[in-house]
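J.: In this text, residue positions in the sequence shown follow our numbering: the first is 409, and each later residue adds one. Backbone N, C-alpha and C define an ideal beta-carbon position, used for all residues, glycine too.
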Amino acid sequence: MPNIATRVSPVISKVAKVTLSFWIMKVLATTLGETTGDYISMTLNLGYYIGLAITFCALLAILFIQIASRDYHPLLFWIAIIATTTAGTEISDFMDRSLGLGYLAGTGLLLFGLLASLAIWYYRDRSLRIYPITRKDTEIMFWIAVLFSNSLGTAFGDFLVDNLGLSFIHGALVTAAVIAFVGVLHYSRAVNDVVLFWIAFIFTRPFGATFGDFLTKPISSGGLNIPRGYASLITLGLLLAILYVSSRWIDRDDRENA
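(1) Could you pull out every unbroken alpha helix (DSSP H) segment of at least 4 residues lying fully inside the segment 582-632, listed in chain order?
(2) Looking at C-alpha atoms only, which residue of 488, 459, 565 is the closest neighbour of residue 506?
(3) Quick check on DSSP: helix, strand or coil for residue 424?
(4) Which residue spans inside the segment 430-507 form an unbroken alpha helix (DSSP H) run of at least 4?
(5) Might you give, ordered along the chain, the residues of its own chain that have their beta carbon closer than 8 Å to the beta carbon of residue 423, omitting 5 neighbours on each side?
(6) Measuring alpha carbon to alpha carbon, tell me which of 634, 545, 561, 448 ends up nearest residue 475.
(7) For residue 416 and residue 477, I'd like the C-alpha separation in whole angstroms.
(8) Rank 482, 471, 568 by C-alpha distance to the C-alpha of residue 649 and give the top, closest one.
(9) Check residue 546 in the structure and name its three-state DSSP category.
(10) Indicate the three-state DSSP secondary structure (helix, strand or coil) for residue 652 in the structure shown.
(11) Quick check on the DSSP output: the alpha helix (DSSP H) that includes residue 521 runs from which residue to which?
(12) Name the residue from 632, 646, 522 whose alpha carbon lies nearest to the alpha carbon of residue 610.
(13) Please state whether DSSP places residue 575 in a helix, a strand or coil.
(14) In angstroms, rounded to a whole number, what distance separates the CA positions of residue 569 and residue 580?
(15) Does residue 526 pass the burial test, meaning 16 or more other C-beta atoms within 10 Å, or should it be called exposed?
(16) Between which residues of its own chain and residue 590 is the CB-CB distance below 7 Å, once the five residues before and five after are set aside?
(17) Going by alpha carbons, who is nearest to residue 574 out of 619, 531, 532, 446?
(18) With distance defined between alpha-carbon atoms, name the residue in 626, 643, 595 nearest to residue 616.
(19) Any idea what DSSP makes of residue 538, helix, strand or coil?
(20) How big is the Cα-Cα spacing for residue 518 and residue 560?
(21) If we count the other Cβ atoms within 10 Å of its Cβ and call it buried at 16 or more, is residue 601 buried or exposed?
(22) Measuring only the C-alpha atoms, how far is residue 427 from residue 553?
(23) May I ask you to report which of helix, strand or coil DSSP gives residue 634?
(24) Measure the Cβ-Cβ separation of residue 682 and residue 456 and say whether it is below 8 Å.
(25) Quick one: using the 10 Å Cβ neighbour count with 16 as the cut-off for buried, is residue 502 buried or exposed?
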């Protein structure tokens, strides 16, 4: 009887593979989330209640499509990331300015929410591995953790500037130093990569947020005073360009390895 080779279908992850381009796009997505969130609530003068309602409804709709999809679609995935960063901006500002909690208390509450979501995820799966993610229930836990981490990063970045009095550049340098230290730990294998991923994921948010503030805030406040709409379009263009190049690169590698 002849041997029959059985081709095994590859497992398709619903989450992007973590590479250098992933982190570059993550920073750009957080910058875009900061400028877009401020554009909705401040430039359009809709306020934090309406701004949060708009961004949260958009987030739920995008995540529904993302989670319901059976395949990984890079553009859809990054739209979902942008939606979480935009909603995270509104959540942080709503807690501080509408509820009057302040960025320090907001940071504490959001940190608790993130740790609780990660604990539930670990209790269910006995793992916090983010690649590959193939089950819908695990993907839901991933997006909950992403929303908490992006909101936490926003609150922490604003805490550095508003509470500690750092300039936008200094705030970006502080968070960049943390990210660089995470990179050193990654290559030294001194700390578990899953732990390092979530630390880097959190701190890329305030790095991108402070950079977004640097672009749009008045010159008297240490910014470049670029209109929020223009800053959002520029950042979106950069993100799409890197997404296109990285997707072509991954497709080429997949063809070569096939």
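T.: In this structure, then:
(1) 601-624
(2) 459
(3) coil
(4) 455-476, 482-501
(5) 480, 485, 538, 539, 540, 541, 547, 550
(6) 545
(7) Residue confidence for residue 416 is low, a pLDDT of 41 falling below 50, so the modelled location carries little weight; the figure read from the coordinates is stated next. Rounded to whole angstroms, residue 416 to residue 477 spans 21 Å at the Cα level.
(8) 482
(9) helix
(10) helix
(11) 510-533
(12) 522
(13) coil
(14) 10 Å
(15) buried
(16) 604, 607, 608
(17) 619
(18) 643
(19) coil
(20) 5 Å
(21) exposed
(22) 20 Å
(23) coil
(24) With the chain covering 409 to 666 only, the question about residue 682 has no answer from this structure.
(25) buried
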